[in-house]
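Here's the structure we're looking at; comments come further down.
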Amino acid sequence: MTRYQTVAGVDLAIEEEGAGRPLLFLHPGEGLEPHRPWLDLLARHYRVIAPWHPGWGNSALPDWVGGVDDLAYLYLDLVAALKLERAILVGACFGGWVAAEMAVRNTAHFAGLGLIAPLGVKFGGVLERDIADMHAVSRDAYLALAWADPARGDVDTTTLPDAELAAIARGREAFALFGWKPYMHNPRLRHWLHRIDIPTRLLWGAEDRIVTPAYGERWRAAIPGASLGIVPDAGHFPLWEQPETTVAELTRFIDTP
Amino acid sequence: MRTWYFSEMAYHPAWEAGLARGSLRVVLPNGHVDPAVAHKLLSRYLDEFALCDEEGLDIMVNEHHATATCMTVSVPMALAVIARETRRARLLSLGNPIANRPDPVRVAEEVAWLDVLSGGRTELGLVKGAAYEIAPANSNPARLMRRYWEAHDLILKALSTHDGPFSWEGEFFQYRHVNIWPRPVQQPHPPIWMTGMSAATGRAAAEKGHVVGTLLSGGIAKPMFDAYRARARELGWEAGADRMAYAAVVGVGHTRAEGYRRADLIAGYVRTAPVVAEPFTNPPGYNTIPANVAMLKAGKKKGRIVADRNGNLIDATQASVEDLMATDTVFAGTPDDVYEQLKDFNARMGGVGHLLFFGQGGFLDHQDTVENIRLFAREVAPRIAELNRPRAAA
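Protein chains in written order, with our numbering: chain Z, 1 to 257; chain L, 1001 to 1394.
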């Protein structure tokens, strides 16, 4: 269920479910989608703490917040406020970028890092696109890039209530705010990934065309001791497209000493 | 009502390719431009601006980027040429897209230079820019208007400060030594214009006392002008017609058929300008949350749908001249026809002080454009100039 907590002056809406080892989950640019099965599945194993990023859902977006580094410090403050210890940090897509920004700063309260198709790092040359331009294609073309089966991601917005539509519009605006330029990455982050000093598992949808598994391989090589797993029949959102397989992958990583 | 002639300086030879591509903007490769043809067109368009000065019209220039609809990429550059070729016309930039400009001090410098060059004939439009201008500029659509207002304030301060340098440490712009040379002839700064499509813009412009302009739809203009007047009244002043501007396609001829034919050719712009690849029409943050909610509710849209005076919905990409006359997008016919239409429009809008006379567009050739400008300047402009003019005391 949703609860609210103020961290560093930012009013955050947080979904919290389950018991056991704390797992901080940072959601994709598309949103949190707590009604999809992934959250319940994950909460069978862990105490899942999933904040809506500032500007998404019912989380506030103060004027002064405008960078992914703000989000990194915000969630490090949240972890401290909740007194989490040996927690697992998991981020997907945009949330993976935020998680990486946290992990290069401070891993003291975390025992493991799961990155699911993270954005945020630029490996290629100036004429190469590491991250597909999600804002230069139609919604249909975007779904075809982001989902193994685009029908699984299609939402008929004409039937949704206004409050939900407003949340979608707010989230899209916030995604642009944090990721427009440089597009969905921090040019310097690559040079700090070596600081990540906790076990790290990268998970990638085999059919991801937003960031490809080859890009995931470069992430794996940049983080000391990291491993990369591929989720079949999934695109950019393995937790949404293949929730059972992806949650099983995560629990295997977390629960294997 | 004052008349400001403008033309987008289109590269219409590529329109067909753009329509086939599904976008005249952003993604249409510039391989479709023949620079030799563009050279001839630019020279011709500048001649047409120069003619306006001889004919007693004022001049407006706008800019767009990465598009076959408009070759003007820099208002100050175009106005610099026009300033040297004209003597009397006032020169309106409508405008400088300051939310997409990385360097507002440069904007202030350029307009000050232009004001000096033209002997104080410039008017400065500070505009948000259309949604599809975000991509060519790669400016962040989120917080766009906050960036706009910071640039606006900085530009006005740069133009009007003469004991600088001053420093500026803002959210979006930082300078340590703002001190533009030369400074503008018109003090504290040239007249400022804004553009928009909403009542909110009308209110915002009223708070600054700027001229507010909109285009091609009386249904959009009226609520914006009303909001301006209401806000001005709340603030204790009466906004006259000189604060309201409206851009429309105008085709005038010796016969009604000739006027319609010219308007029809210019209206090719109205039919092609909205043809833009979907993702560039609504970058996230460009439109308000309520506007986006309405769009998500409506689902996929087709064309540019506007309502006419009777509430009928019209797809501008397919519309006839008559359709477009019903939305106040086009005024057309003989000089008498056009005068009557503008007089009626002026009355319905509650007084519009500036007509932005879209007198050339795409396939209207030079000879027709010259005739359109001359007829309008000689037969219509002097008569509409009398609209809204306070009667002399008896």
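Note that beta-carbon positions come from the ideal geometry of N, C-alpha and C, so glycine has one too.
Supposed contact pair residue j and residue i - C-beta distance, whole angstroms, cut 8 Å
{"i": "A166(Z)", "j": "V1293(L)", "result": "5 Å"}
{"i": "R1088(L)", "j": "D1053(L)", "result": "6 Å"}
{"i": "G1218(L)", "j": "G1361(L)", "result": "That pair is no contact at about 19 Å."}
{"i": "V1105(L)", "j": "I1180(L)", "result": "7 Å"}
{"i": "P1223(L)", "j": "L1124(L)", "result": "With a Cβ gap of about 25 Å, P1223(L) and L1124(L) do not count as contacting."}
{"i": "F110(Z)", "j": "L89(Z)", "result": "5 Å"}
Close-in-space but distant-in-sequence residues of the same chain around residue i (CB under 7 Å, 5 per side omitted)
{"i": "V1073(L)", "result": "E1063 and H1065"}
{"i": "P1182(L)", "result": "A1112, W1113 and V1116"}
{"i": "E1278(L)", "result": "none"}
{"i": "V1107(L)", "result": "N1096, I1098, R1101 and I1155"}
{"i": "N1282(L)", "result": "A1131 and M1295"}
{"i": "V7(Z)", "result": "L74, D77, L78 and A81"}
{"i": "W1015(L)", "result": "L1024, A1068, T1272 and G1362"}
{"i": "P1390(L)", "result": "none"}
Proximal chain L residues relative to residue i, where beta-carbon distance stays under 9 Å
{"i": "A136(Z)", "result": "V1026, V1027, A1135, A1277, P1279 and F1280"}
{"i": "A158(Z)", "result": "In the sequence as presented, Ala is not what sits at residue 158(Z); that position holds Thr. Residues of chain L passing the Cβ test: L1296, K1297, A1298 and G1299."}
Cβ-based neighbour list, residue i, same chain, cut-off 8 Å, excluding 5 preceding and 5 following
{"i": "D197(Z)", "result": "T107 and P224"}
{"i": "P1097(L)", "result": "E1063, V1127, K1128, G1129, E1133 and A1137"}
{"i": "S138(Z)", "result": "none"}
{"i": "A1271(L)", "result": "For the sequence presented, residue 1271(L) should be read as Arg rather than Ala. Correct list, in chain order: A1316, T1317, Q1318 and A1319."}
{"i": "G1259(L)", "result": "G1251, V1252, G1253, A1332, G1333, T1334, D1337 and V1338"}
{"i": "N1346(L)", "result": "M1001, A1241, V1352, I1384, L1387 and N1388"}
{"i": "G18(Z)", "result": "L42, A43, R44, H45, Y46, R47 and V48"}
Amino acids of chain L, ordered along the chain, whose beta-carbon sits closer than 7 Å to that of residue i
{"i": "I166(Z)", "result": "Note that residue 166(Z) corresponds to Ala in the displayed sequence, not to Ile. Those are I1289 and V1293, listed as they occur along chain L."}
{"i": "D162(Z)", "result": "V1293"}
Local Cβ density within 10 Å of residue i, reported as buried at 16 or more and exposed below that
{"i": "L1235(L)", "result": "exposed"}
{"i": "L250(Z)", "result": "buried"}
{"i": "T2(Z)", "result": "exposed"}
{"i": "L127(Z)", "result": "exposed"}
{"i": "D1336(L)", "result": "exposed"}
{"i": "S1023(L)", "result": "buried"}
{"i": "E244(Z)", "result": "exposed"}
{"i": "W180(Z)", "result": "buried"}
{"i": "L119(Z)", "result": "buried"}
{"i": "N1312(L)", "result": "exposed"}
{"i": "Q1174(L)", "result": "exposed"}
{"i": "R129(Z)", "result": "exposed"}
{"i": "T1201(L)", "result": "buried"}
{"i": "D1368(L)", "result": "buried"}
{"i": "Q1341(L)", "result": "buried"}
{"i": "D156(Z)", "result": "exposed"}
{"i": "A163(Z)", "result": "exposed"}
{"i": "S1118(L)", "result": "buried"}
{"i": "H1012(L)", "result": "buried"}
6 Å Cβ shell around residue i - same chain, five flanking residues per side excluded
{"i": "L12(Z)", "result": "Q5, P51 and S59"}
{"i": "A1394(L)", "result": "Reliability fails at A1394(L), whose pLDDT of 47 lies under 50, so the model's placement of it is uncertain and the value that follows must be treated cautiously. So the list is empty, once near-sequence residues are dropped."}
{"i": "L1265(L)", "result": "F1363 and L1364"}
{"i": "A1017(L)", "result": "H1032"}
{"i": "V1027(L)", "result": "A1277"}
{"i": "W147(Z)", "result": "G153 and G235"}
{"i": "W192(Z)", "result": "V104"}
{"i": "L1444(L)", "result": "A question about residue 1444(L) goes unanswered here, because the residues of chain L that appear run from 1001 up to 1394."}
{"i": "V1211(L)", "result": "W1193, R1243 and A1245"}
{"i": "M1060(L)", "result": "W1004, F1006, L1092, L1094 and L1356"}
{"i": "P199(Z)", "result": "G112"}
{"i": "M184(Z)", "result": "L119 and I131"}
{"i": "H135(Z)", "result": "none"}
{"i": "P34(Z)", "result": "E15"}
{"i": "V247(Z)", "result": "L41 and L42"}
Under 8 Å from the C-beta of residue i: neighbouring residues of chain Z
{"i": "P1284(L)", "result": "H135, A169, R172, E173, F175 and A176"}
{"i": "A1142(L)", "result": "E173, A174, A176, L177 and W180"}
Under 9 Å from the C-beta of residue i: neighbouring residues of chain Z
{"i": "N1138(L)", "result": "W180, K181 and Y183"}
Distance cut-off 7 Å: residue i Cβ against heavy atoms of the ligand ZN
{"i": "I196(Z)", "result": "This structure lacks the ligand ZN; in fact it carries no ligand of any kind."}
Contact residues within the region 167-182 of chain Z, judged by C-beta distance below 8 Å to chain L
I168, A169, R170, R172, E173, A174, F175, A176, L177, W180 and K181
Mind checking the region 228-246 of chain Z against chain L and listing, in chain order, the residues whose C-beta falls within less than 8 Å of any C-beta there?
none
If the cut-off is 9 Å on Cβ atoms, which residues from the region 1-20 of chain Z count as contacting chain L, listed in chain order?
Answer in chain order: no residues at all.
If you measure beta-carbon to beta-carbon, which residues of the region 1171-1182 of chain L are closer than 9 Å to chain Z?
E1171
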